[in-house]
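Engineer:
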Amino acid sequence: MINDNTKVFIIIPCYNETANLSAVISSVKNYGQVVVVDDGSIDSSEQVAREWGVVVLKHLLNRGQGAALATGNRYALNHGADIIVHFDADGQHQAEDLPKLIQPIINNEVEVVLGSRFLKKDNQIPWFKKWLILKLAVIFQNLMFGIKLTDSHNGFRAFSKKALEKIRITQDGMAHGSEIVEQIISHKLRYKEFPVTIMYHEFGQGIVAGLRILKDLLFGKINK
Amino acid sequence: MLFVTYYFMYYLPLQIIITLFVLIVVFRLTKKYKENILKTSEFIGWLIIWIIVVVVFWLPQTTSYLAFLLGIGRGVDLAVYLAIILIFYLIFRVYLKIDKQQKEITKIVRYLALDEKDDSRPKTQDFKE
Chain G
27 MINDNTKVFI IIPCYNETAN LSAVISSVKN YGQVVVVDDG SIDSSEQVAR EWGVVVLKHL
87 LNRGQGAALA TGNRYALNHG ADIIVHFDAD GQHQAEDLPK LIQPIINNEV EVVLGSRFLK
147 KDNQIPWFKK WLILKLAVIF QNLMFGIKLT DSHNGFRAFS KKALEKIRIT QDGMAHGSEI
207 VEQIISHKLR YKEFPVTIMY HEFGQGIVAG LRILKDLLFG KINK
Chain H
28 MLFVTYYFMY YLPLQIIITL FVLIVVFRLT KKYKENILKT SEFIGWLIIW IIVVVVFWLP
88 QTTSYLAFLL GIGRGVDLAV YLAIILIFYL IFRVYLKIDK QQKEITKIVR YLALDEKDDS
148 RPKTQDFKE
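In order, the protein sequences belong to chains G and H.
Each residue of the first sequence is one higher than the one before, starting from 27 at the first, in this note's numbering.
Each residue of the second sequence is one higher than the one before, starting from 28 at the first, in this note's numbering.
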């Protein structure tokens, strides 16, 4: 399936995730080179990651998930990655989905694959979160970029090296999800969505976080 | 005559205080200008602003005149409007500046994170936007 010469880098941005990080690393480490970006955690996330012997990049200050991903991306590109996968540290994504997610890139069908929690019917998403936050975000995103996606801000995605060289994450916070979509569109990268399983441990981002993303996006436009 | 007396009694203390204050400020400005801390353009800009302050306090009717030109009822209203516009503009500038600094902090943090790995020393041009 995966060619041995294909270098897969799995970027795990992490902020105070001692509880789940170990399980996440052990689940994905067989699929490629794991790069944990410790985004200024104040718990023992960094030590946990180092115990697994994976690459650990340490942000001295907490800069946000977007910034952590951008650091991981740069490391991966500097080290000759062919495929770069973003994977959340809180255990909401399933490692078994990973080979399926990157297969379209290996087959050279597309350059970017975005995980979608809505394409999969049996995902247990809290009703309130699904309809009042996620669906609204999807509608907003589709209106803004004139596209038709079923999910926005899903942290599970994969890029070919070529695609990632074009994508620049400048949003340090959570708005990077929309920014990535925007750049996929503007660089005319071939992309597809892929159904992924989501396991919610916690609520994740609420309404306030959603509004903050909106604000970041609008101000990001002004401050270029 | 009574009106004039009343007028001056009402305004005089504040006008004198403001004038003294402006004099001190202008004195300091001149000093800074002579010490080459301020550029000529900056010096003139500040001087004009403070002269306007003095004029407005001694001849309040000038603001009424300007307000009338702009279609605003009272001179005081014009001053308040201008002040609010100025404050909003400054807040906006401060916001942009903070945002820029946040991005710069991220760049430094990223540089340090990648620099730790000796073999991945990033190229300098990577950090130019």
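In this text, a Cβ means the ideal position worked out from N, Cα and C, and glycines have one as well.
On the three-state DSSP scale, how would you describe F166(G)?
Structural biologist: Along the first sequence, one-based indexing puts residue 166(G) at 140. It is helical.
Engineer: Name, please, each residue of chain H whose Cβ falls closer than 7 Å to the Cβ of K55(G).
Structural biologist: The sequence position of residue 55(G) within the first sequence is 29, counting from 1. Those do not exist, as K55(G) stays about 18 Å from chain H at its closest Cβ, beyond 7 Å.
Engineer: Pull up the DSSP beta-bridge partners for V84(G), would you.
Structural biologist: Taking the first sequence and counting its residues from 1, one reaches residue 84(G) at position 58. Looking at the sequence provided, one finds Lys at residue 84(G) rather than Val. D64(G), per the DSSP bridge assignment.
Engineer: For E43(G), is the classification buried or exposed, using 16 other Cβ atoms within 10 angstroms of its Cβ as the cut-off for buried?
Structural biologist: Stepping through the first sequence from its first residue, residue 43(G) is reached at position 17. Per the 10 Å Cβ criterion, buried.
Engineer: Does any CB atom of chain H fall closer than 9 Å to the CB of A96(G)?
Structural biologist: For the purposes of this step, residue 96(G) is taken as the residue at position 70 of the first sequence. True, the Cβ-Cβ gap to chain H drops below 9 Å.
Engineer: Cβ atoms of G141(G) and D177(G): under 9 Å apart, would you say?
Structural biologist: As a working mapping, residue 177(G) is identified with position 151 in the first sequence. As a working mapping, residue 141(G) is identified with position 115 in the first sequence. In this structure, G141(G) lies closer than 9 Å to D177(G) by Cβ.
Engineer: State the DSSP-derived secondary structure class of E219(G), mapped to helix, strand or coil.
Structural biologist: Mapped onto the first sequence, residue 219(G) falls at position 193. Note: E219(G) maps to strand in three-state DSSP.
Engineer: So the beta strand (DSSP E) P39(G) belongs to, where does it begin and stop?
Structural biologist: As a working note, residue 39(G) is residue 13 in the first sequence. 34-40 is the extent of the beta strand (DSSP E) around P39(G).
Engineer: How far does the alpha helix (DSSP H) with G278(G) in it reach, from first residue to last?
Structural biologist: Chain G is shown only over 27 to 250; residue 278(G) falls outside these bounds and no answer can be derived.
Engineer: Roughly how many angstroms lie between the CA atoms of V164(G) and L175(G), to the nearest whole one?
Structural biologist: In the first sequence, counting from the first residue as 1, residue 164(G) sits at position 138. In the first sequence, counting from the first residue as 1, residue 175(G) sits at position 149. Taking the straight line joining both Cα atoms gives about 7 Å.
Engineer: At the 9 Å Cβ level, is K58(H) part of the contact set with chain G, yes or no?
Structural biologist: Within the second sequence, numbered from 1, the residue matching residue 58(H) stands at position 31. No - not a single Cβ of chain G is within 9 Å of the one on K58(H).
Engineer: Against chain G, does R120(H) count as a neighbour if the rule is that its beta carbon must be under 9 Å from one of theirs?
Structural biologist: Position 93 of the second sequence holds residue 120(H). Not one chain G Cβ lies under 9 Å of R120(H).
Engineer: With burial defined as no fewer than 16 other Cβ atoms inside 10 Å of the residue's Cβ, what is the status of K66(H): buried or exposed?
Structural biologist: Within the second sequence, the letter at position 39 stands for residue 66(H). It counts as exposed.
Engineer: On the CB-based measure, 16 or more other CB atoms within 10 Å of its CB, does I159(G) come out buried or exposed?
Structural biologist: In the first sequence, counting from the first residue as 1, residue 159(G) sits at position 133. That one is buried.
Engineer: Does any C-beta atom of chain H lie closer than 9 Å to the C-beta of L83(G)?
Structural biologist: If you number the first sequence from 1, residue 83(G) lands on position 57. So yes, L83(G) belongs to the interface.
Engineer: F185(G) and I131(G): beta carbons closer than 9 Å?
Structural biologist: Numbered from its first residue, the first sequence carries residue 185(G) at position 159. Numbered from its first residue, the first sequence carries residue 131(G) at position 105. Yes.
Engineer: I132(H): which of A93(G), L243(G), E219(G), S70(G) sits nearest, CA to CA?
Structural biologist: As a working note, residue 132(H) is residue 105 in the second sequence. If we check each option's Cα against that of I132(H), A93(G) comes out closest.
Engineer: Measuring CB to CB, does V83(H) end up less than 9 Å from A106(H)?
Structural biologist: Counted from its first residue, the second sequence places residue 83(H) at position 56. Counted from its first residue, the second sequence places residue 106(H) at position 79. Cβ atoms of V83(H) and A106(H): closer than 9 Å.
Engineer: Pull up the distance between the alpha-carbon of A75(G) and that of L145(G), whole angstroms please.
Structural biologist: Counted from its first residue, the first sequence places residue 75(G) at position 49. Counted from its first residue, the first sequence places residue 145(G) at position 119. If you take the alpha carbons of A75(G) and L145(G), they lie about 32 Å apart.
Engineer: Mind reading off the beta-carbon distance from L127(G) to V139(G)? Whole number of angstroms is fine, and I expect it under 8 Å.
Structural biologist: Here residue 127(G) refers to the residue found at position 101 of the first sequence. Here residue 139(G) refers to the residue found at position 113 of the first sequence. Yes, L127(G) and V139(G) are in contact; Cβ-Cβ is about 5 Å, under 8 Å.
Engineer: With a threshold of 9 Å between beta-carbons, can N180(G) be considered close to chain H, or not?
Structural biologist: Along the first sequence, read from residue 1 onward, the residue named residue 180(G) stands at position 154. Answer no: the Cβ-Cβ gap between N180(G) and chain H never drops below 9 Å.
Engineer: Could you give the C-beta distance for L95(G) and I195(G), rounded to a whole number, given that I count them as a contact under 8 Å?
Structural biologist: In the first sequence, counting from the first residue as 1, residue 95(G) sits at position 69. In the first sequence, counting from the first residue as 1, residue 195(G) sits at position 169. About 6 Å; that satisfies the 8 Å criterion.
Engineer: Report the partner residues of F185(G) according to the DSSP bridge assignment.
Structural biologist: Mapped onto the first sequence, residue 185(G) falls at position 159. BP columns for F185(G) point to I110(G), V138(G).
Engineer: Please confirm if R238(G) has its CB atom under 9 Å from at least one CB of chain H.
Structural biologist: As a first step, residue 238(G) is located in the first sequence; it is residue number 212 there, counting from the start. Not one chain H Cβ lies under 9 Å of R238(G).
Engineer: Taking the continuous alpha helix (DSSP H) assigned at T91(H), which residues delimit it?
Structural biologist: Along the second sequence, read from residue 1 onward, the residue named residue 91(H) stands at position 64. The sequence given here places Ser at residue 91(H); Thr does not occur at that position. Note, S91(H): alpha helix (DSSP H), 88-97.
Engineer: Counting only Cβ-Cβ distances shorter than 9 Å, please list the residues of the stretch 121-135 of chain H near chain G, keeping chain order.
Structural biologist: Correct list: Y122, L123, D126, K127, Q129, K130, I132, T133, I135.
Engineer: Note down the Cα distance separating P221(G) from L190(G), rounded to an integer number of angstroms.
Structural biologist: Taking the first sequence and counting its residues from 1, one reaches residue 221(G) at position 195. Taking the first sequence and counting its residues from 1, one reaches residue 190(G) at position 164. Going by the C-alpha atoms only, they are around 21 Å apart.
Engineer: Mind checking whether F4(G) and V50(G) have CB atoms under 9 Å apart?
Structural biologist: No answer is possible for residue 4(G): the residues shown for chain G start at 27 and end at 250.
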